[in-house]
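The numbering of the sequence shown is this note's numbering, which starts it at 4 and goes up by one.
Inspection log for the structure reproduced underneath, given as structure tokens.
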Amino acid sequence: LTALDEIDGILIAPATRDLMASYLHGLQHGPILMALSAARTRKCPVLMIPSMHSDLANDPVTDELVEQVRKHEISVHWGKEEEGKRKTPPHEEIVARFAHQINSAKNNRKSVVITLGATRSAIDDIRFVQNTSSGATGYAIADDLYRNGHDITCVAGVTSVTQPEWLPLVIKAPNPSEMLQELKAISKDNIDAWVHTAAVLDYVVSNPAQGKLASQQGSLNVELVESEKHIQELKEICNNSVRIGFKLESGIKQKDLIFRAVAQIEKSGMTAVIANRLEDLGKKDKPRGYLVDKQGSHFILDKEKDMCEAIRTFIERGV
4 LTALDEIDGI LIAPATRDLM ASYLHGLQHG PILMALSAAR TRKCPVLMIP SMHSDLANDP
64 VTDELVEQVR KHEISVHWGK EEEGKRKTPP HEEIVARFAH QINSAKNNRK SVVITLGATR
124 SAIDDIRFVQ NTSSGATGYA IADDLYRNGH DITCVAGVTS VTQPEWLPLV IKAPNPSEML
184 QELKAISKDN IDAWVHTAAV LDYVVSNPAQ GKLASQQGSL NVELVESEKH IQELKEICNN
244 SVRIGFKLES GIKQKDLIFR AVAQIEKSGM TAVIANRLED LGKKDKPRGY LVDKQGSHFI
304 LDKEKDMCEA IRTFIERGV
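Here it is, written out as structure tokens:
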């Protein structure tokens, strides 16, 4: 079992009730149990993913076994109950949780808030104005940071992509003012970094109507007023934190995009900004974006992976 000296953790999926009971009683019938016993003395991280029929999973004896296993500092995660069984979660989820468990033990892990998705403002109780954002970028950044062991909180507006189920806390706030209230409340905790990917409305409806406005009544005039700038409102509250912003422009040259990103950094007290041009998004021959820092230096981010790694580097480096 000297091979355990060279590994970072042990993952058992699926884990049976018999295996958990055997481990607790020190039985050694098989290489898995021998490895678990060695891991116990070497403080090696272990994640078990139980999978069994629901009647067995709901047996009080199973609860006792899981409780005792957790007292041995082994993480246990159950999948969803479907078709009368507690099934093994998707492999992507298992890997994400296992990566987080191992990497969270590293030094310099941070508490990070990510805003994501679109925001909307009501015209009446049925209609609304909304900008365009799927939330995919924010979730990708959150997933990367989570897998690398950081403590993640997402504040999500309106999204159209699947939320990674393993993210520990996702607060829904579809309205710009609701989102800002949530962010101000969270800021009272010790937050190390903020990543602002949400597409927050620049203009909101000044006076939403009650009920539903009647149709076929001719022209409808809706007054829009400027909304609060989240990154500006949070500037003083979060001035000791790493803050990464996003800047989307269209119809301008690359150098002007960089200049505007630097201006946002200076005005809003950002650490860095990821700048994009609308016409470049989704094109394979164009970069994912440009990372611009306080000094005005800019770096091309070819892929989404490059963007996530760059953001993570800034966060782990600190203020």
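For every residue, glycine included, the Cβ atom is placed at its ideal position computed from N, Cα and C.
Determine the burial state of residue i: buried for a count of at least 16 other Cβ atoms within 10 Å of its Cβ, exposed for fewer.
i, result
"G267", "Sequence check: residue 267 is Gln here, not Gly. It counts as buried."
"V245", "buried"
"S124", "buried"
"H153", "buried"
"L281", "exposed"
"R73", "exposed"
"P34", "exposed"
"P93", "exposed"
"L223", "exposed"
"L204", "buried"
"V173", "buried"
"T140", "buried"
"H28", "exposed"
"V115", "buried"
"R45", "exposed"
"H75", "exposed"
"P323", "In this structure the chain extends from 4 to 322, so residue 323 is not present and cannot be described."
Going by DSSP, which residues form a beta bridge with residue i?
i, result
"R89", "M55, E84"
"T118", "V158, H199"
"A313", "A313 is not bridged to any residue."
"E252", "R280"
"A18", "P53"
"Q133", "R123"
"Y293", "A278, I303"
"I77", "According to DSSP, which records beta bridges pairwise, I77 is partnered with nothing at all."
Quick check: what's the CA-CA separation for residue i versus residue j?
i, j, result
"M182", "G120", "11 Å"
"S57", "K191", "41 Å"
"I318", "D195", "8 Å"
"K113", "I234", "20 Å"
"G292", "I144", "14 Å"
"S163", "Y142", "11 Å"
"K187", "N110", "27 Å"
"L261", "F249", "First, the residue type needs correcting, since residue 261 is Ile and not Leu in the sequence shown. Between I261 and F249, the C-alpha separation is close to 12 Å."
"T321", "T135", "First, the residue type needs correcting, since residue 321 is Gly and not Thr in the sequence shown. Going by the C-alpha atoms only, they are around 31 Å apart."
"R89", "L59", "9 Å"
"V161", "I129", "16 Å"
"I242", "G272", "Checking the sequence shown, residue 242 turns out to be Asn, not Ile. If I take the Cα positions, the gap works out to 7 Å."
"W169", "R150", "10 Å"
"I10", "A42", "10 Å"
"S137", "T200", "11 Å"
"G87", "T165", "25 Å"
"V132", "E70", "49 Å"
Please check the pair residue i and residue j, which I expect to be a contact at CB under 8 Å, by giving their CB distance rounded to whole angstroms.
i, j, result
"I117", "C157", "5 Å"
"S40", "H32", "Wrong, their Cβ atoms sit about 11 Å apart, outside the cutoff."
"V207", "V225", "The Cβ separation is near 10 Å, so there is no contact."
"V198", "I247", "5 Å"
"T122", "A202", "7 Å"
"M23", "L68", "5 Å"
"I155", "P177", "Actually they are not in contact, since the Cβ atoms of I155 and P177 sit about 20 Å apart, beyond 8 Å."
"P179", "S230", "5 Å"
Could one say the Cβ of residue i lies closer than 8 Å to chain B's Cβ atoms, at least one of them?
i, result
"T44", "Among the protein chains of the structure shown there is no chain B, as only one such chain exists."
Please go through the same chain and pick out, in chain order, the residues whose beta-carbon is closer than 7 Å to the beta-carbon of residue i, but skip the five residues on each side of it.
i, result
"E343", "Outside the shown range of the chain (4 to 322) lies residue 343, about which nothing can therefore be said."
"T91", "A16, P17, I52, S54, G82"
"P211", "A125, I126, D127"
"E236", "L183"
"K175", "A159"
Keeping to the same chain, check which residues put their C-beta closer than 8 Å to that of residue i; ignore five residues upstream and five downstream.
i, result
"P290", "D283, I303, L304, D305"
"S253", "R280, L281, E282"
"A99", "D146, Y149, R150, P167, W169"
"A108", "P48, G152"
Whose C-beta lies closer than 6 Å to the C-beta of residue i among residues of the same chain, with five residues either side of it excluded?
i, result
"D146", "P167"
"P48", "G12, Q104, I105"
"A264", "K250, V276, A278, V295"
"L14", "L50, F101"
"S78", "L50, Q104"
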